[in-house]
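Okay, so here's the structure we're looking at.
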Amino acid sequence: MSTKTNDQKIKVLAYSGLLAAAIALATAFIKVPMIVGYVHLGDGLIFLTAALLGPIGAIASAIGSGLADLIAGYTIYIPATIIIKGLMSLIAAWGIKNNSSILRCILIFSMCEIIMVGGYFLYDAFLYDFKTAAAVILFNLVQGVAGVIIGAVLVPLFKKRLNNNLLN
Numbered sequence: 265m266s267t268k269t270n271d272q273k274i275k276v277l278a279y280s281g282l283l284a285a286a287i288a289l290a291t292a293f294i295k296v297p298m299i300v301g302y303v304h305l306g307d308g309l310i311f312l313t314a315a316l317l318g319p320i321g322a323i324a325s326a327i328g329s330g331l332a333d334l335i336a337g338y339t340i341y342i343p344a345t346i347i348i349k350g351l352m353s354l355i356a357a358w359g360i361k362n363n364s365s366i367l368r369c370i371l372i373f374s375m376c377e378i379i380m381v382g383g384y385f386l387y388d389a390f391l392y393d394f395k396t397a398a399a400v401i402l403f404n405l406v407q408g409v410a411g412v413i414i415g416a417v418l419v420p421l422f423k424k425r426l427n428n429n430l431l432n
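First residue of the sequence shown? That's 265 in our numbering, and the numbers climb one at a time after it.
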């Protein structure tokens, strides 16, 4: 049974909505186009969401990332994105729960980005073929490196807020 008060539940819901919107906007609009896809700020915000909200942030991350695909016209990727980005956020939340040092963030976020690259590889192989899926690995790796760097910068910047326990 959850012992959260109604005020705490409302706070979690409000932060979840705001962070989902921030992820959607940062992914869809703040981006650098590449030959295939684009590099965006969304993964960094997914990691921040995981740090601020814990495992519940996976829902906000999945929704925000799925909305970004809808806004940006990548509707075919919405199902994969919801699963992949939600999983990234969940793993990040568990991985940095008690330690959000820069080194720990880099390690955990790198693992999450490997899941992202692998997840989109499998989805592209399912949608298209192995060669097409293999061709975009490099571009997804570039996105992954950007996500790790952005997350490793953002999370420690919010460390004071995190230590003050945002949701309590």
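We put the beta carbon where it would ideally sit given N, CA and C, even for glycine. Please read all numbers here as calculations on a predicted model, not as lab measurements.
Can you pull the DSSP bridge partners for K295? Within the sequence shown, the letter at position 31 stands for residue 295. K295 pairs with H304.
I believe V419 touches I401 by the beta-carbon criterion, under 8 angstroms. Please report the beta-carbon distance rounded to the nearest angstrom. Taking the first residue of the sequence shown as position 1, residue 419 is located at position 155. Taking the first residue of the sequence shown as position 1, residue 401 is located at position 137. Not really, about 26 angstroms apart at Cβ, beyond 8 angstroms.
Taking a contact to mean a Cβ-Cβ separation below 8 angstroms, would you say A290 touches L305 in this structure? As a first step, residue 290 is located in the sequence shown; it is residue number 26 there, counting from the start. As a first step, residue 305 is located in the sequence shown; it is residue number 41 there, counting from the start. The answer is yes: Cβ separation under 8 angstroms.
Local conformation of I360 per DSSP, three classes: Mapped onto the sequence shown, residue 360 falls at position 96. Note: I360 maps to coil in three-state DSSP.
Using the Cα positions of D393 and G330, report the straight-line distance between them to the nearest angstrom. For the purposes of this step, residue 393 is taken as the residue at position 129 of the sequence shown. For the purposes of this step, residue 330 is taken as the residue at position 66 of the sequence shown. Going by the C-alpha atoms only, they are around 23 angstroms apart.
Measuring only the C-alpha atoms, how far is G350 from I340? Counting from 1 along the sequence shown, the entry for residue 350 is found at position 86. Counting from 1 along the sequence shown, the entry for residue 340 is found at position 76. Each residue's Cα considered, the two are about 17 angstroms apart.
Pull up the distance between the alpha-carbon of C376 and that of N270, whole angstroms please. For this step, residue 376 is matched to residue 112 along the sequence shown. For this step, residue 270 is matched to residue 6 along the sequence shown. Straight-line Cα distance between these residues: approximately 32 angstroms.
For I379 and I348, believed in contact at Cβ under 8 angstroms, the rounded distance: Start at 1 with the first residue of the sequence shown, and residue 348 comes out as number 84. Start at 1 with the first residue of the sequence shown, and residue 379 comes out as number 115. Contact holds; Cβ gap of about 7 angstroms.
Below 8 angstroms CB to CB, which residues in the same chain sit around S364 once its five sequence neighbours on both sides are set aside? The residue you call residue 364 lines up with position 100 of the sequence shown. These residues qualify, in order along the chain: A315, V419, P420, K423 and L426.
Would you kindly work out how many angstroms separate the C-alpha atoms of G281 and A410, rounded to a whole number? The sequence position of residue 281 within the sequence shown is 17, counting from 1. The sequence position of residue 410 within the sequence shown is 146, counting from 1. G281 and A410: Cα-Cα distance of roughly 24 angstroms.
Please list the terminal residues of the continuous alpha helix (DSSP H) segment that includes P319. Taking the sequence shown and counting its residues from 1, the one referred to as residue 319 is at position 55. Premise fails: P319 is in no alpha helix (DSSP H) and is neither H nor E.
Residue environment, A332, which counts as buried when at least 16 other CB atoms sit within 10 Å: As a first step, residue 332 must be located in the sequence shown, where it is residue number 68. Classification of A332: buried, given that the 10 Å Cβ count is 16 or more.
For A356, does the count of other Cβ atoms within 10 angstroms reach 16, so buried, or fall short, so exposed? By one-based count along the sequence shown, residue 356 stands at place 92. That one is buried.
Can you tell me whether N404 is buried or exposed, with buried defined as 16 or more other CB within 10 angstroms of its CB? By one-based count along the sequence shown, residue 404 stands at place 140. Counting Cβ neighbours within 10 Å, N404 comes out buried, since at least 16 surround it.
Thinking C-beta only, is S353 closer than 8 angstroms to I310? In the sequence shown, residue 310 corresponds to position 46, counting from 1. In the sequence shown, residue 353 corresponds to position 89, counting from 1. Contact flag set, yes.
Taking F373 as the reference, which of V296, Y279, Y302 and G408 has the closest Cα? Translated into positions along the sequence shown, residue 373 becomes position 109. Cα-wise, what sits closest to F373 is G408.
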